[in-house]
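First residue of the sequence shown: 4, per my numbering; consecutive thereafter. See below for the structure under consideration.
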Amino acid sequence: MLGAGLVFGNAPVALAECTIDGEVEAPPFTSLEGGDDLVCNDVELTGTIEAATVEEGDDSVTITLGDGMPDGEGASDTKVTSSEGVAISLDNDTKVIIYGDAELNALDTGVYATGDDNTVEVVGGTIESYGYGVVADGDDNTVELVSGTIEAAFNGVTGNGANFTVTVSGGTIDAEWVGIHTTGEDSIVTVSGGTIEAEQEGVSSEGDNSTVTVSGGTIGSIYAGVYSVGDDSTVTVSDGAIEAEREGVHTSGDDSTVTVSGGRIESKYAGVYSVGDSATVTVSGGTIDAEWGGVHTTGEDSIVKVSDGTIEAEREGVYTTGDNSTVTVSGGTIESKYAGVYSVGDSATVTVSGGTIDALWGGVHTSGDNSTVTVSGGTIEAEEEGVYTIGNNSTVTVSGGTIEAEQEGVYSEGDDSTVTVSGGTIEADDYGINIHGDRTTVTVSGGTVRTTEENGTAIYFEFTGEGSPENWAGSLTIGTGATVEGNLLAESGTFA
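Here it is as structure tokens:
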């Protein structure tokens, strides 16, 4: 039969016609029903292709444009042009496949799905829109970009329902607003290849329990590369590149999780910026290169773990603001122009057991009462203080590793604070340990505390000297297994 459907690879072919279930049909196609299989090739259509509601129990609708074999030198030979609105309009349970020789041109939206369970596959084709590329308003919709281009004046891909899934394994999304935008709960965005270029966010996910995974490709944006808003959201970067004029990855919501195990994040602001309580950021590989902070969390009970990879920052390498924050550095490299790790808030905990912190300001800086800093391994190098704590009841414990600083190795300011050295090396030009506050305690039972200056001070105490000694005097204990090189000084009083 003339115009009957053929098969070429995975793409069914209609010979310069449109067929429905193998029979040649003439446009317009405005009432496709359940079970209809529309195939168009080597034709130019004007107006809107519409699929009606698929009733329960009926087969789905399939719309296939092109056969993957363009005429001429890559020219599209199958086109759908809508000068008034939508090129393809779907309700529910419909699949659209756009092959490499097919092109949609729309004034408003390339493909618009109002119902549930629709799938749009772009396999080399092109969607050009003066509005939105693909919009899905219902639940359980899917968009797959294997190759080809989605170019939109607004958002490239938009999903406004729950369980919306977007997969980009190749091709290009070029949007003047957001590359991919989801607004429903339990959305999943996966970028394993291709390119997303956006004037706003590359990927924006708004809704609880959303997941964004970047394992390849490139995301370039003027705002955040990946922007996730909602509780219990997850962002994972294992490969590829995120290049952003603002934050590389931005999450806003409680119990969010960001994992960077590979790839590269470059940003003008923070590399990873997390707003919300109980957030967790893990860096186990890859590179974060930020002109502001490398990793920045702003909620209470936040956790930052660095076990490998590189964080390069013009300001703080890791910056936490909020009570009960925890920062663990067990490997990798943190290089910063300000503090390597800076925690602001009460009951902060910073643990360094490996890796390298190289900072032009302080290596580890805490500001808040009841903070705890533990160094058991790794290297901290700083042009000012190696470890700097401000707040009452702070505790600094050094049992291994190396702290090298041009000013103080350990600086502690606050009453009832404790510095304990049982191993490792603290070496500084001016002061090995410099502690300010009443009822402070320094115990050196092992390891080395030294100054490199000829008249440098190994351990320095400063008290208020007000009232009776028991109200302000400090305690210094140096064990026989310790090495202390430099002066021992106490100002405004004596030891208890």
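No residue lacks a Cβ here, since even glycine has one placed at the ideal position from N, Cα and C.
How many whole angstroms separate the CB atoms of residue i and residue j, which I take to be in contact at a CB cut-off of 8 Å?
| i | j | result |
| --- | --- | --- |
| PHE466 | ASP433 | Their Cβ separation, rounded to whole angstroms, is 19 Å, which puts PHE466 and ASP433 out of contact at 8 Å. |
| ALA273 | SER305 | At roughly 14 Å, the Cβ-Cβ gap does not stay under 8 Å, so ALA273 and SER305 are not in contact. |
| GLY136 | VAL160 | 6 Å |
| GLY256 | GLY289 | With 8 Å as the limit, GLY256 and GLY289 do not qualify as a contact, their Cβ atoms being about 23 Å apart. |
| THR375 | THR405 | Rounded, the Cβ-Cβ distance is 20 Å, inconsistent with contact. |
| ILE176 | ILE199 | 5 Å |
| ASP94 | THR117 | 6 Å |
| GLU315 | GLY296 | That belief does not hold up - the Cβ atoms of GLU315 and GLY296 are roughly 11 Å apart, past 8 Å. |
| GLY435 | VAL422 | Not quite, the Cβ-Cβ distance comes to about 10 Å (not below 8 Å), so this is no contact. |
| VAL99 | VAL123 | 5 Å |
Determine the contact status of residue i and residue j, defining contact as a CB-CB distance below 7 Å.
| i | j | result |
| --- | --- | --- |
| GLY174 | GLY151 | yes |
| SER208 | SER231 | yes |
| VAL424 | ALA461 | no |
| SER287 | SER259 | no |
| THR97 | VAL149 | no |
| THR221 | ALA244 | yes |
| ASP242 | GLY210 | no |
| ILE66 | LEU41 | yes |
| TYR102 | ASP80 | no |
| THR455 | SER478 | no |
| PHE167 | GLY134 | no |
| THR329 | THR352 | yes |
| ALA201 | ALA178 | yes |
| SER448 | GLY482 | yes |
In the DSSP assignment, the beta strand (DSSP E) including residue i goes from what residue to what residue?
| i | result |
| --- | --- |
| ILE191 | 191-201 |
| TYR226 | It is not in any beta strand (DSSP E) - TYR226 carries neither H nor E in the DSSP assignment. |
| ASN108 | 105-109 |
| GLY404 | 398-408 |
| LYS271 | Looking at the DSSP string, LYS271 is not in any beta strand (DSSP E), and its letter there is neither H nor E. |
| GLY113 | 112-116 |
| ALA244 | 237-247 |
| LEU35 | Per DSSP, LEU35 belongs to no beta strand (DSSP E) and is neither H nor E. |
| THR451 | 451-454 |
| THR81 | 81-85 |
| ASP361 | 352-362 |
| GLU457 | GLU457 -> no beta strand (DSSP E), and no H or E assigned at all. |
For residue i, does the three-state DSSP call read helix, strand or coil?
| i | result |
| --- | --- |
| LYS340 | coil |
| ALA316 | strand |
| ARG442 | coil |
| ALA178 | strand |
| PHE167 | coil |
| LYS308 | strand |
| GLY8 | Only weak support is given to the placement of GLY8: the predicted model assigns it a pLDDT of 32, under 50, and the question is left unresolved by the model. |
| GLY288 | strand |
| TYR133 | coil |
| ASN158 | coil |
| SER374 | coil |
| VAL422 | strand |
| VAL487 | strand |
| ILE23 | strand |
| THR216 | strand |
| ASN437 | strand |
| GLU47 | strand |
| ALA431 | strand |
| GLU303 | coil |
| VAL146 | strand |
| THR392 | strand |
| THR56 | coil |
So is residue i in contact with chain C if we call contact Cβ pairs under 7 Å?
| i | result |
| --- | --- |
| ASP143 | Annotation note: the requested chain C is absent from the structure, which comprises a single protein chain. |
Is any heavy atom of the ligand FAD found at a distance shorter than 6 Å from the C-beta of residue i?
| i | result |
| --- | --- |
| GLY88 | With respect to the ligand FAD, the structure offers nothing, as it holds no ligand at all. |
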